[in-house]
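The block underneath contains the structure these notes are about, expressed in structure tokens.
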Amino acid sequence: MSNPANLPNNLKYTASHEWVKTEADGTISIGITQHAQELLGDMVFVESPMVGRKLKAKEECAVVESVKAAADIYAPVNGAVVAVNSELDSTPEAINADPYAAWMFKMKPDNAADVAALMDAKAYQAVVDSEAH
Amino acid sequence: MPFIPHTEPDIAAMLASIGAPSIDALFDEIPAALRTGKLNAVPEGMNEMQVTRLMQERAAQDVAMLNFIGAGAYEHHIPAAVWQIATRGEFYSAYTPYQAEASQGTLQLLYEYQTMIASLTGMDVSNASMYDGASGLAEAILMAVRAHKSSRRVLLPTTVSPLYRSVVHCIVKLQNIELVEIPFDTAAGTIDLKALEQHTGSDIAALVIPQPNFFGALEDVDALTAWAHAQGALAIALVNPLTLAVLKAPGNWAGKGADIAVGDGQPLGSPLSSGGPYFGLMCCKQALVRQMPGRIIGRTVDMDGKQGFTLTLQAREQHIRRAKATSNICSNQGLMVTAATIHMALLGVDGLRRVAIASHANTQSLAKLTSGLSGVKPLFSAANFHEVVLQLPKPSVAVLASMAEQGVLGGFDLQPHYPQLGNAILVCATETKTNEDLQRYVDALRHALS
Amino acid sequence: MLIFERSRPGRRNAAQAPNHEAAVSGIPAALLRKGPPLLPEASEMDVVRHYTGLSQKNFSIDTHFYPLGSCTMKYNPRVCNSLAMLPQFLARHPLAPEHTGQGVLACLHDLQEILKDVTGMAGVSLMPMAGAQGEFAGIAMIHAYHDARGDTARTEIIVPDAAHGTNPATAVMCGYTVREIPTNANGDVDLDALRAAVGPQTAGLMLTNPSTLGVFEKQIQAIQKIIHDAGGLLYYDGANLNAILGKVKPGDMGFDVIHMNLHKTFSTPHGGGGPGAGAVGVAQRLLPYLPLPVVARQNATYRCLTEQDLPQSIGHLSAFTGNIGVLLRAYVYARMLGAEGMHRVAEFATLNANYLMAELQKAGFTVAFPQRRASHEFIVSIKPLKDATGISAMDVAKRLLDKGYHPPTTYFPMLVPECLLIEPTETESKETLDGFVAAMKEIWDEAHTTPELVKGAPHTMPVRRLDDVKAARELDLTWKPATSTRAV
Numbered sequence: 000m001s002n003p004a005n006l007p008n009n010l011k012y013t014a015s016h017e018w019v020k021t022e023a024d025g026t027i028s029i030g031i032t033q034h035a036q037e038l039l040g041d042m043v044f045v046e047s048p049m050v051g052r053k054l055k056a057k058e059e060c061a062v063v064e065s066v067k068a069a070a071d072i073y074a075p076v077n078g079a080v081v082a083v084n085s086e087l088d089s090t091p092e093a094i095n096a097d098p099y100a101a102w103m104f105k106m107k108p109d110n111a112a113d114v115a116a117l118m119d120a121k122a123y124q125a126v127v128d129s130e131a132h
Numbered sequence: 000m001p002f003i004p005h006t007e008p009d010i011a012a013m014l015a016s017i018g019a020p021s022i023d024a025l026f027d028e029i030p031a032a033l034r035t036g037k038l039n040a041v042p043e044g045m046n047e048m049q050v051t052r053l054m055q056e057r058a059a060q061d062v063a064m065l066n067f068i069g070a071g072a073y074e075h076h077i078p079a080a081v082w083q084i085a086t087r088g089e090f091y092s093a094y095t096p097y098q099a100e101a102s103q104g105t106l107q108l109l110y111e112y113q114t115m116i117a118s119l120t121g122m123d124v125s126n127a128s129m130y131d132g133a134s135g136l137a138e139a140i141l142m143a144v145r146a147h148k149s150s151r152r153v154l155l156p157t158t159v160s161p162l163y164r165s166v167v168h169c170i171v172k173l174q175n176i177e178l179v180e181i182p183f184d185t186a187a188g189t190i191d192l193k194a195l196e197q198h199t200g201s202d203i204a205a206l207v208i209p210q211p212n213f214f215g216a217l218e219d220v221d222a223l224t225a226w227a228h229a230q231g232a233l234a235i236a237l238v239n240p241l242t243l244a245v246l247k248a249p250g251n252w253a254g255k256g257a258d259i260a261v262g263d264g265q266p267l268g269s270p271l272s273s274g275g276p277y278f279g280l281m282c283c284k285q286a287l288v289r290q291m292p293g294r295i296i297g298r299t300v301d302m303d304g305k306q307g308f309t310l311t312l313q314a315r316e317q318h319i320r321r322a323k324a325t326s327n328i329c330s331n332q333g334l335m336v337t338a339a340t341i342h343m344a345l346l347g348v349d350g351l352r353r354v355a356i357a358s359h360a361n362t363q364s365l366a367k368l369t370s371g372l373s374g375v376k377p378l379f380s381a382a383n384f385h386e387v388v389l390q391l392p393k394p395s396v397a398v399l400a401s402m403a404e405q406g407v408l409g410g411f412d413l414q415p416h417y418p419q420l421g422n423a424i425l426v427c428a429t430e431t432k433t434n435e436d437l438q439r440y441v442d443a444l445r446h447a448l449s
Numbered sequence: 000m001l002i003f004e005r006s007r008p009g010r011r012n013a014a015q016a017p018n019h020e021a022a023v024s025g026i027p028a029a030l031l032r033k034g035p036p037l038l039p040e041a042s043e044m045d046v047v048r049h050y051t052g053l054s055q056k057n058f059s060i061d062t063h064f065y066p067l068g069s070c071t072m073k074y075n076p077r078v079c080n081s082l083a084m085l086p087q088f089l090a091r092h093p094l095a096p097e098h099t100g101q102g103v104l105a106c107l108h109d110l111q112e113i114l115k116d117v118t119g120m121a122g123v124s125l126m127p128m129a130g131a132q133g134e135f136a137g138i139a140m141i142h143a144y145h146d147a148r149g150d151t152a153r154t155e156i157i158v159p160d161a162a163h164g165t166n167p168a169t170a171v172m173c174g175y176t177v178r179e180i181p182t183n184a185n186g187d188v189d190l191d192a193l194r195a196a197v198g199p200q201t202a203g204l205m206l207t208n209p210s211t212l213g214v215f216e217k218q219i220q221a222i223q224k225i226i227h228d229a230g231g232l233l234y235y236d237g238a239n240l241n242a243i244l245g246k247v248k249p250g251d252m253g254f255d256v257i258h259m260n261l262h263k264t265f266s267t268p269h270g271g272g273g274p275g276a277g278a279v280g281v282a283q284r285l286l287p288y289l290p291l292p293v294v295a296r297q298n299a300t301y302r303c304l305t306e307q308d309l310p311q312s313i314g315h316l317s318a319f320t321g322n323i324g325v326l327l328r329a330y331v332y333a334r335m336l337g338a339e340g341m342h343r344v345a346e347f348a349t350l351n352a353n354y355l356m357a358e359l360q361k362a363g364f365t366v367a368f369p370q371r372r373a374s375h376e377f378i379v380s381i382k383p384l385k386d387a388t389g390i391s392a393m394d395v396a397k398r399l400l401d402k403g404y405h406p407p408t409t410y411f412p413m414l415v416p417e418c419l420l421i422e423p424t425e426t427e428s429k430e431t432l433d434g435f436v437a438a439m440k441e442i443w444d445e446a447h448t449t450p451e452l453v454k455g456a457p458h459t460m461p462v463r464r465l466d467d468v469k470a471a472r473e474l475d476l477t478w479k480p481a482t483s484t485r486a487v
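Chains as they are written, first to last, in numbering that gives the first Met the number 0: chain A, 0 to 132; chain B, 0 to 449; chain C, 0 to 487.
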């Protein structure tokens, strides 16, 4: 189980276990949390969304696949995909090694306030704790 | 009682261990009203001698004929070793190889199969089989739509077997996929390119390209594949694997190759058996492998670094992905693939090519021989492989019935499926036919026409 | 060694090549293959030795006890194979006139009648080529039924969370969305959740009974009423039909449509992955929609019904007539069992499962539903052992291989942590079951005394545990020659 101390405070989180980081240019990076990578196990494949694709919040837009499971990744907010981390194509294990460094794709949010409204570390920790019961 | 080994003392000891008074008590959770259990239509049991007698009598009612029908199921010689080995208990009575360490025989065989089929089709990867060619084509169409992402329109030429098209409709119609028929050129017997070009620039997920097509005729696969790719559509090759010993591999069509190749593997070691079991082959480009349904075997190493084989990419499949799986397919046609792999290994490069060429040559000879009969001629101008459409001067139903009375299955009647062709039949002469057999066909046809 | 590594350039098997000197004629060069395919060049004896050798690397029913839950790995009688492979059956072309196939059609017709009787359904089609295709046919028929009544607002199929993955996957293939409902602590469907889930959007419910948890769904009468009152239809997944064969008929439970896995209940071989046969049965109101062909007997003659006979049929699922060779094996098996034998199947499958469950409990293992009777299978959870020793269900499974037993199904159903789903089937003797219990006890002891031995298992197989992660990351799906000079 993830240690609360490991949840970076500078990130926002979703109930579907994505983390969201606001970059200096106003775009957001999206990846999966430590908790999610632990549940999934050794990553073997990442399918990223197309750059330019318009996404609605909670829309399925990417897949991470381990040997024994596959999980959908959901857009945290409305917006457009502006970049994908193609390094994960050949090194999906980077997600296991350091999930908060291994961003999967970047979006330009339609509305920055949507990002601000996402869960903070404390609220997300509560979600993780409730799943453990 | 067949196949139940329990003695009376066994039963008593087992019930004592359970703490149940009787076997019947083990069903006490089932509401009494449901436990009727009367069987009225099931006859009394038989021992092996009795059931053997029954089945031999039934088999004797199935009349042997000199067969010249193909149309998707082909009579080929199957080496004796194929089914002797395939029905060894270790292959025959094993489950899907989920426990890899105890299934290396099946797993290695399937890896060898994937290698052979991928090479025959010239594609990057193969799965471990689908149910049959027709349902495999339906799955290929679903796969193409998944891969294409934006379009749900698939072009399905009428030179694809009408039997296959019917299965495709049944399987894909509930998923909101539009199937568009492309007519054929009635002179050539191949896809009408002008009709196809009317779809240029439109929104298309895939074009199905049969080779040889249902009429045995050879399509211009390079042009068709290139056209599909120019529209941003996938090219789905529908092939007979035997003919690929001679014909250009789909992986090479138009240089870049088809995207998905499917077909029925029956010509590789499956007996005709009134229609099954056969198996569907399915191959694709590497980039599409995660969209492919069905089981896939990969080579890896064990804890000691020793080579081994295992099911891989299982996260696509229903037992993990459930509602989001690539397909609901679970079991495949493993035993038929076992036979096909042994069959291909026994024939080898040389044998498979000879069988294909001999079938081609016999069909050409038969077309020539029948052309000597008044009013009989090959209907189409395109080159053909090992099937040919013959035009008859009399109603095809009556002609075929008369030939059947003479012990000859003269061909597949195209009339119900292609009424515009008039009295036309589809005829196939594989390597199993001798010159005497061909002559017998001509004699039977002559008699039927007289 | 792979067959390709046994290959030598120029070696051929003359016995399997037609004596035909002909060449290709009349085919444009652009349509011809450029180079030979990668097929072995080997002698017949090389090939026979190679594949005989491979077969010896398999566990199978014929060689080992194979208590794989949900798979019904019972003895596959040899005579079923030899009679299905009588030369007349093998030689007949699927498009040959029906008068040349009266023998095979008679067998299919009789099998339909037998299956109708044992399931309590009004009609049967033998055409689906596997359980999953039977599910597809069943749900497609439910779709066709609602459509024919203009009842097109029904968009949802309800599936219990314990269901096989094929159930939700099938519902999606038929254009439905899936609504999952939970299971209660007894292993039964949560009725309140079911009541809350049904509505005018409900097309049907897919249910396995006995369930994948190895218990009979006692509330089935209430469930069928809830679904039918909501206007939905009830689908029976026949994966576990062996548990009730001759005891309870799905038709009597109120199911409208069912599929049977003939490769389970009717003992046709699993063949390393197939072919199976997933015959479907329907209640009266679904008869018009059965997949084609259905074999009918008219004036002492057998014929295949077509679209003319059943214009509302969902259509054809295979190019020809399904997996006939498998159906013939099932027919021989059914005729050997007879009515009396059918009753015995469920009885002894259930006796064996309950005995094995009792003995494993006595040996210290934790069963998932101790308060329930086992059906033909039951679940052991290794979680207490794992908590105590670190030994997982996977470790136990792999160690069983060393002891000469094929492991039970592992990690399914997912509701029970560290689970082993164990189905002994009726064809195993008490001695075999006792031997399995002894092996499980040994593993229990090893888990406490020499856990590394268990974690490193298997030690006696052709390979040890395989690197699945490498297999999925570095896909190696076809063999390539060291120096590739091959063209295609």
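By construction, the Cβ of each residue, glycine as well, lies at the ideal position given by its N, Cα and C atoms.
What residues in the stretch 452–483 of chain C have a beta carbon less than 7 Å from any beta carbon of chain A? Asp467, Val468, Ala471, Arg472
Counterpart residues of Ala205(B) in DSSP-defined beta bridges: Val153(B), Leu233(B)
Exposed unless 16 or more other CB atoms sit within 10 angstroms - verdict on Asp467(C): buried
What residues of chain C sit near His228(B), judged by a beta carbon separation below 9 Å? Here the premise fails: no neighbours, minimum Cβ distance about 17 Å.
Which one or two residues does DSSP pair with Cys418(C) in a beta bridge? Ser380(C)
Contact residues within the stretch 305–327 of chain B, judged by C-beta distance below 9 Å to chain A: Thr311, Leu312, Gln313, Ala314, Arg315, Ile319, Arg320, Lys323
Can you give the Cα-Cα distance for Leu212(C) and Ala70(A), rounded to whole angstroms? 25 Å
Excluding five sequence neighbours on each side, which residues of the same chain lie with their C-beta closer than 7 Å to the C-beta of Arg485(C)? Low per-residue confidence applies at Arg485(C): pLDDT is 47, beneath 50, and the placement is therefore not dependable enough to give any value.
Residues bridged to His258(C) by DSSP? Asp236(C), Val279(C)
DSSP state of Arg567(C) mapped onto helix, strand, coil: Lying outside 0 to 487, the shown extent of chain C, residue 567(C) is not represented and no answer is given.
Cβ-Cβ separation, Pro8(B) to Met142(B) (assumed contact under 8 Å), whole Å: That pair is no contact at about 57 Å.
Min CB distance Asp88(A) to chain C below 7 Å: no
Option nearest Gln218(C) by Cα separation, candidates Asn241(C), Leu190(C), Ala242(C): Leu190(C)
I'd like the span of the beta strand (DSSP E) that includes Ala69(A), first residue to last. 69–73
Partner residues on chain A for Arg289(B), Cβ-Cβ distance less than 9 Å: Phe44, Glu46, Val62, Glu64
With a threshold of 7 Å between beta carbons, is Ala69(A) in contact with chain B? yes
Going by C-alpha to C-alpha distance, which of Val144(B), Ala32(B), Thr157(B) sits closest to Gln174(B)? Val144(B)
With a threshold of 6 Å (Cβ to nearest heavy atom), would Ala396(C) be considered close to the ligand SAM? Ligands displayed in this structure: none; no statement on the ligand SAM is therefore possible.
I need the DSSP call for Arg148(C), collapsed to helix, strand or coil. coil
So is Glu59(A) buried or exposed if we call it buried at 16+ other beta carbons inside 10 Å? exposed
Using a Cβ-Cβ cut-off of less than 7 Å, give me the residues of the stretch 226–245 of chain C that come near chain B, in sequence order. Gly245
Outcome for Gln370(C) when other beta-carbon atoms lying within 10 angstroms are tallied against a minimum of 16: exposed
What are the residues that DSSP puts in a beta bridge with Cys427(B)? Glu386(B)
Rounded to a whole number of angstroms, what is the C-alpha to C-alpha distance between Gly40(A) and Pro76(C)? 42 Å
Just checking: is the beta-carbon of Glu89(B) within a distance shorter than 7 Å of some beta-carbon in chain C? yes
Looking only at its own chain, which residues have a Cβ that is under 8 Å from the Cβ of Val487(C), when we skip the five neighbours before and after it? Residue placement at Val487(C) cannot be trusted, given a pLDDT of 45 that sits under 50; what the coordinates show is reported in the next sentence. Contacts found: Arg32, Lys33, Gly34, Pro36.
Under the three-state reduction of DSSP, which class applies to Met341(C): helix, strand or coil? helix
Three-state secondary structure (DSSP) at Met106(A)? strand
Taking the alpha carbon of Thr120(B) as the point to measure from, which residue in Ala366(B), Asn251(B), Gly88(B) has its own alpha carbon closest? Asn251(B)
Contacts around Leu345(B), its chain only, beta-carbon distance under 8 Å, and the 5 residues preceding and following it disregarded: Pro78, Ala80, Val81
Note down, in chain order, every chain C residue with its Cβ under 9 Å from the Cβ of Asp41(A). Asp467, Val468, Ala471, Arg472
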